[in-house]
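What follows is a set of notes on a single structure, which appears directly below.
Protein chains in written order, with my numbering: chain A, 377 to 637; chain B, 377 to 637.
Here it is as structure tokens:
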């Protein structure tokens, strides 16, 4: 489940192809997003219901779910509502409902920047928002940008202004606490991997710590000298960690330790 | 570098034997601790100087360093003072100088408990302080306790009351901020892996987040449903993560991404 304004081609092929080596990988544009028809709804809950319709239409009874940023909000709500469908959950660069908002004044203009030539966000804004300012972080960002644009045919469309406005409304709504802050996270009993970069200016890194503290069976990994796009900065390392998590090495290790409960 | 009161036999053989499969592993009791002669000093700095003497005596010019709990305090000071000797640093269940102290009222009586039959801490206190209270956490703690006591001959001695008192003084001193809080962590430029359990009642887990936020090249991993002894709860998973870290997969991944700086 993809980030704000993002479509099918905004995933890192190093990661999606890596997962696809030994499992089916399903990417999709939710209603109204990029090449998908329909209208993008203005709440995370409605997006999660669309995702459930999609999963039902495919006839899937169980899946591993990766949600990145806004996609991570949707993945959380999907898991609240369909706990038995989710086998393992990965939440990358995301936050719980009512989590800490960004404090960087450049956040809003960068997040809504549009390159008139492509209809998408500019490279400059993307490097600022998704990667650390260090030479290493910026170089990793340019390397990802190159991978992201390798596809030559059958390219997904940029998301529309309607999608941007509706997703913005959903993000604003997600900032509001409802009931006891973070209490709903206790209901996520599936093994969960929470990942972020050390200095995320868009979804502050402390949100990942909060997710891991409140989801009962969560492992947290934070990568050095990186931002919101930590998975794009360390694709091989992320893939190794994610595959170890999906293969359930933590449970294997416990049974070797004679723990049978 | 071992925890408060701990000696050679208090490491997890699943971990030390695992590391030893493809690298030399050096465990040692610092001055006064367990079977080592001499007197245990009352500051972390003096412990780090003893460690440096030991490293010099062995003629080692570079090493990977794992510090657990109090051993993590010593490992930090060792790294401040001998940055070129440390190739990669692992800080487990530990905190920076002036970090957050424990708030659990059971901490002190448990940490100083002594079983008259063995001269060491009791199993009950150990399970409380090092493992989560869940059935899974407690079972993992008992499984570790069994591994820890497998050695039948040439067993290390329990640490003396002098060591306990001196190490307690060093821990109390380490609680004091000196100069700008956490500023010294910026000088650790070596790749660092920070690890803890999600609910450490002895060295609160937020300290590991702080370490990873202030050490420039730090990766953070926090394990679910676990406490201070997270590495003992998930020995195989910890070993996999630590070996990936030591083998430097993060740098490999970057060079594959065409990042040459």
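All residues carry an ideal CB built from backbone N, CA and C; glycine is no exception. This one's a predicted model, so the numbers in the text were calculated from it and none came from an experiment.
Cα-Cα, which of the options is closest to residue i?
| i | options | result |
| --- | --- | --- |
| residue 569 of chain B | B:535, B:452, B:553 and B:550 | B:452 |
| residue 413 of chain A | A:534, A:398, A:556 and A:619 | A:534 |
| residue 409 of chain B | B:606, B:613, B:423 and B:510 | B:423 |
| residue 502 of chain A | A:578, A:446, A:531 and A:536 | A:578 |
| residue 563 of chain A | A:586, A:592 and A:544 | A:592 |
| residue 553 of chain A | A:384, A:622 and A:477 | A:477 |
| residue 624 of chain B | A:616, A:448 and A:498 | A:616 |
| residue 608 of chain B | B:405, B:468, B:551 and B:489 | B:468 |
| residue 460 of chain A | A:447, A:439, A:472 and A:395 | A:439 |
| residue 382 of chain A | A:456, A:404, A:396 and A:584 | A:404 |
| residue 351 of chain A | A:473, A:437, A:396 and A:416 | Residue 351 of chain A lies beyond the range of chain A shown here (377 to 637); nothing can be said about it. |
| residue 538 of chain B | B:429, B:407 and B:447 | B:407 |
| residue 416 of chain A | A:490, A:544, A:575 and A:524 | A:544 |
| residue 531 of chain A | A:547, A:516 and A:494 | A:494 |
| residue 479 of chain B | B:601, B:380, B:575 and B:379 | B:575 |
| residue 456 of chain A | A:555, A:485, A:500 and A:561 | A:561 |
| residue 566 of chain B | B:601, B:489 and B:458 | B:458 |
| residue 411 of chain A | A:540, A:512, A:536 and A:515 | A:536 |
| residue 540 of chain A | A:613, A:428, A:514 and A:485 | A:485 |
For residue i, which residues from the same chain have a beta carbon less than 6 Å from its beta carbon, with the 5 sequence-adjacent residues on both sides left out?
| i | result |
| --- | --- |
| residue 611 of chain B | 388, 390 and 391 |
| residue 441 of chain B | 451, 462 and 465 |
| residue 599 of chain A | 573, 606 and 610 |
| residue 594 of chain A | 568, 570 and 588 |
| residue 496 of chain A | 534 |
| residue 549 of chain A | 419 |
| residue 377 of chain A | 443, 447, 450 and 451 |
| residue 580 of chain A | 476 |
| residue 597 of chain B | 571 and 617 |
| residue 401 of chain A | 392 and 395 |
| residue 487 of chain B | none |
| residue 556 of chain A | none |
Excluding sequence positions up to five away, which residues of its chain have a Cβ less than 8 Å from the Cβ of residue i?
| i | result |
| --- | --- |
| residue 629 of chain B | With a pLDDT of only 40 at residue 629 of chain B, under 50, the local geometry of the prediction cannot be trusted, and the value read off the model is given with reservation. Result list for residue 629 of chain B: empty, nothing under 8 Å. |
| residue 421 of chain A | 453 |
| residue 483 of chain A | 505, 577 and 578 |
| residue 512 of chain A | 601 |
| residue 434 of chain A | 402 |
| residue 517 of chain A | 502, 503, 506, 507, 605, 608 and 609 |
| residue 613 of chain B | 599 |
| residue 430 of chain B | 404 and 406 |
Are the Cβ atoms of residue i and residue j separated by less than 9 Å?
| i | j | result |
| --- | --- | --- |
| residue 471 of chain A | residue 504 of chain A | no |
| residue 507 of chain A | residue 603 of chain A | yes |
| residue 619 of chain A | residue 385 of chain A | no |
| residue 590 of chain B | residue 621 of chain B | no |
| residue 586 of chain B | residue 443 of chain B | no |
| residue 425 of chain B | residue 510 of chain B | no |
| residue 582 of chain B | residue 380 of chain B | no |
Of all the CB atoms in chain C, is at least one closer than 9 Å to the CB of residue i?
| i | result |
| --- | --- |
| residue 554 of chain B | Although the question refers to chain C, the structure presented lacks it and instead comprises the protein chains A and B. |
Any heavy atom of the ligand FMN closer than 8 Å to the CB of residue i?
| i | result |
| --- | --- |
| residue 450 of chain B | Ligands displayed in this structure: none; no statement on the ligand FMN is therefore possible. |
Residues in its own chain within less than 7 Å of residue i by CB, not counting five upstream and five downstream?
| i | result |
| --- | --- |
| residue 498 of chain A | 489 and 491 |
| residue 514 of chain B | 503 and 507 |
Selection of the segment 591 to 619 of chain B by Cβ proximity to chain A, strictly under 7 Å: 592, 593, 594, 595, 596, 597, 598, 599, 600, 601, 610, 611, 612, 613 and 616
Scan the segment 571 to 589 of chain A for residues whose Cβ lies nearer than 9 Å to a Cβ of chain B and list them as they occur along the chain. 574, 575, 581, 582, 585, 588 and 589
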